[in-house]
Amino acid sequence: MNRIIITKLILQGTAYKRTLRFKDGLNIISGDKTSGKSLVLSLIDYCLGKSKKIDLNVQKQLDKYCDQIFLEIQVNKETVTLNRLLKQKQGKISIYYCGFNDLEGYTPKTVELKEVLHFLMRKLNINEYKLIKHKKHSTKQELEKISFRDIFRYSYIHQHELGTHDFLENKSTFKRYKNPYAFELMFNLVEADKNHLQEQLVKVRNEIEDTNKEITGLKSYLKDKDAEDFNELSSKATRFKNEIEQRKLEKKSIIENSKANSNNENKMYIRLKKDLTEIANQIFDLQKQKNELQNSVRAKRLLIEEYNLEKEEINATLEVNYKLAISEQNIECPLCNSTVANQIQEITKDSVTPEKTLLKIKKEINNKINLVNNLISGDNKDIEDIDIKIEKLEKKQEILNRAITEFAKSTDVPFLSQLDSINSIINKLTKNQEIVKECIRIHRKIDEKCKLIDDLNKEVKRLEKDIAALKVSRDVRKQIFNFLNTEYKGFMKRLKYDINNETYVDSESYIPYHEGASVYEHESGGLLECMQLSYLAAILSSKKEGYAVGHPGFLMLDTLSKYLGTIQVESIEQAEIKEEERINDPEVYEEIYKILIELSNKYQIIIVDNTPPEKVSGYTNYTFFSGEKGLINININEFKEED
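Just remember that my numbering sits 142 ahead of the position in the sequence shown, which is counted from 1.
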């Protein structure tokens, strides 16, 4: 069963860090108003691709202490960490194929929001669906995707949606019309076009082929570096780390001893040593850039070889086509020896199209080869520039080395010579450690690509299955709505509402009804909340039965007690809610939590509530208070002073 589990939310700034942990099952966040409890869900939503930015003019504490958010999730038992900045480049998200604690050893993939949504859909093995819609202020049409964000509306219910007519963001014209299609996508009720599915199938298979080529290139690089054994690299990295720490301790000891003894060092000597260190670091950085460019050139040359092979195949095909030009031959009648009209010419006119296609492909390949050659030329020019810079720095280094030798002859610097020796060892170890770390990152990049191929193969199987059974049978559709209606009615009955034939989930609009009126027609906030929760619970229940396969498999509900009259009125917003709209029966309030606890045996549910019932206190993960003890609490800072 494909589903998402939220494991960690990390708020981080230059001097502040706080980690919120979530378990699989029921998680409750309680507390005062303006304590930041609803912000937790908003930040999760933000990391899962919400286009709207976090308003830092409102969230002043977040603005003051935090620069970025990390969200660690599990998708089908694979751990992934999503990272999004708060103050700049908010339109991009970095994807790490590891847990938050292992980020250092992995290279992130930084992508646009729409690619993150595609990534999540692929992980959940859901096919993206395209709608035809009219452009704004135009009669022209365009295609629009039903994406993860549309399905996510059935997972995250904001406090201004729960118990209101804005359920599933119904008040937004641009989102409301997509809800039925998102529902169909969740329940696999979309009757897709065969040609469209076949196009997707070809695209996915080509992506598998491209990814395999990338893996081959990465493995070739590791082979050249004699770094194919991951365990050996890991052992080396640990050994280098321990040795560097040991040398740093030695250095610290020498510095402490130097303070205890009178050591009149020449200031010019110290300045020269500092300049030499800076030059050495600059040369190291330039050499690293040069190595990266050389690797890039090697990879591009491999790509050109691939293009040349493709071009040879096309040339061979074109040559065969030219040799088989039957249409140019004359046909003679065997009886009267007269020339007969060649009807094959008419037939072969249609064969021009494949030839044109091959020539077009050949032209595209030539363009690609030219482009890659230009890129190689650019890289080689950069390498030449770097060599010139290195040569200049080495000349300067040589001059300073001669100068420092003269100073050393007349200057008593015993501690500096020891420090120089240790620094040299540390620098050498650090360089070797960085090389090993880079190879480890490449190994992990290969693992990441292999996982991508696994996901793509799953997508291939699903597409092949969809092509084989394009038409959704009436029996399957009937089974789905029979199950949904049974569950929906059952939950409504548990919440003390009378049920009859007019309480159901409509099979055309896909929205819940009670007593013949829809969830967008009833006025009572308490009734609306019960209808909405029963509807969402029925969808989640249908996932474990194999119906709502496209649902993300978790729920986030904000301010559950908004329309529950059994709690103390805590805000102006609650005070304005009419008494007849509230649920005044404490048993109903507790029954809602019983339903959520039952669902949490199979799925993760995160609830934000002001004062949840005493009976569910064991499920409360965090309690926030207004002021300094809210979500942003400087007394709970995971950054130590040395960090």
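From the three backbone atoms N, C-alpha and C, an ideal C-beta is built for every residue, glycine too.
Residue i - DSSP class collapsed to helix/strand/coil
i      : result
LYS591 : helix
ILE719 : Unreliable positioning characterises ILE719 in this predicted model, as indicated by a pLDDT of 49, which lies under 50. A coordinate reading is not provided.
VAL647 : strand
SER703 : helix
THR499 : helix
ALA458 : helix
SER314 : coil
ILE396 : helix
LYS272 : strand
ALA690 : coil
GLN710 : Only weak support exists for where GLN710 lies, its pLDDT of 43 falling under 50; the value from the coordinates is given anyway. In this structure, GLN710 counts as coil in the three-state DSSP scheme.
THR490 : Low local confidence applies: a pLDDT of 47 at THR490 is under 50, so the model's placement there is unreliable, with the coordinate-based value given in what follows. Three-state result, THR490: helix.
GLU447 : helix
HIS260 : helix
TYR761 : helix
MET328 : helix
HIS307 : coil
THR753 : coil
LYS367 : coil
PHE781 : coil
ASP197 : coil
LEU183 : helix
ASN267 : coil
ASP292 : helix
GLY520 : helix
ASN508 : helix
GLN388 : helix
LYS231 : coil
Strand pairing of residue i, partner residues [DSSP]
i      : result
MET698 : TYR298, ILE748
PHE766 : GLY173
TYR238 : THR223
GLN539 : DSSP lists no partner for GLN539.
LYS287 : LYS272
SER660 : TYR655
ASP168 : In the sequence under discussion, the amino acid at residue 168 is Leu, which differs from the Asp named in the question. DSSP lists ILE747 as partners of LEU168.
Alpha helix (DSSP H) segment containing residue i, residue limits
i      : result
LEU190 : It is not in any alpha helix (DSSP H) - LEU190 carries neither H nor E in the DSSP assignment.
TYR207 : 202–207
VAL618 : 616–636
GLN674 : 667–686
THR149 : That residue, THR149, is in no alpha helix (DSSP H); its beta strand (DSSP E) goes 146–154.
LEU162 : Taken as a continuous stretch (DSSP letters only), LEU162 belongs to no alpha helix (DSSP H), being part of the beta strand (DSSP E) at 159–163.
LYS736 : 728–741
N-terminal and C-terminal residue of the beta strand (DSSP E) that residue i is part of
i      : result
TYR655 : 654–656
VAL217 : 210–217
GLU254 : 251–254
LYS320 : First-last for LYS320: undefined, no H or E at that position.
Touch test, the stretch 619–634 against the stretch 649–660, Cβ-Cβ under 8 Å, three pairs minimum: yes
Touch test, the stretch 290–304 against the stretch 319–331, Cβ-Cβ under 8 Å, three pairs minimum: yes
Cβ pair count under 8 Å reaching 3, the stretch 205–217 against the stretch 148–166: yes
Inter-stretch contact at 8 Å, needing at least 3 Cβ pairs: the stretch 676–687 / the stretch 623–631: yes
Three-pair Cβ contact test at 8 Å for the stretch 189–196 versus the stretch 743–760: no
Meets three-Cβ-pair contact criterion under 8 Å: the stretch 514–527 and the stretch 431–442: yes
Given 8 Å, three or more beta-carbon pairs between the stretch 262–275 and the stretch 161–172: no
Segment contact, 8 Å Cβ cut-off, at least three pairs: the stretch 382–393 with the stretch 562–570: yes
Cβ contact check for the stretch 171–183 and the stretch 227–238: 3 or more pairs under 8 Å: no
Three CB pairs or more closer than 8 Å across the stretch 416–424 and the stretch 535–543: yes
Cβ contact check for the stretch 366–376 and the stretch 575–585: 3 or more pairs under 8 Å: yes
At least 3 beta-carbon pairs within less than 8 Å: the stretch 594–602 vs the stretch 345–355: yes
Three CB pairs or more closer than 8 Å across the stretch 301–317 and the stretch 684–704: yes
The stretch 238–247 touching the stretch 178–188, judged by at least three CB pairs closer than 8 Å: no
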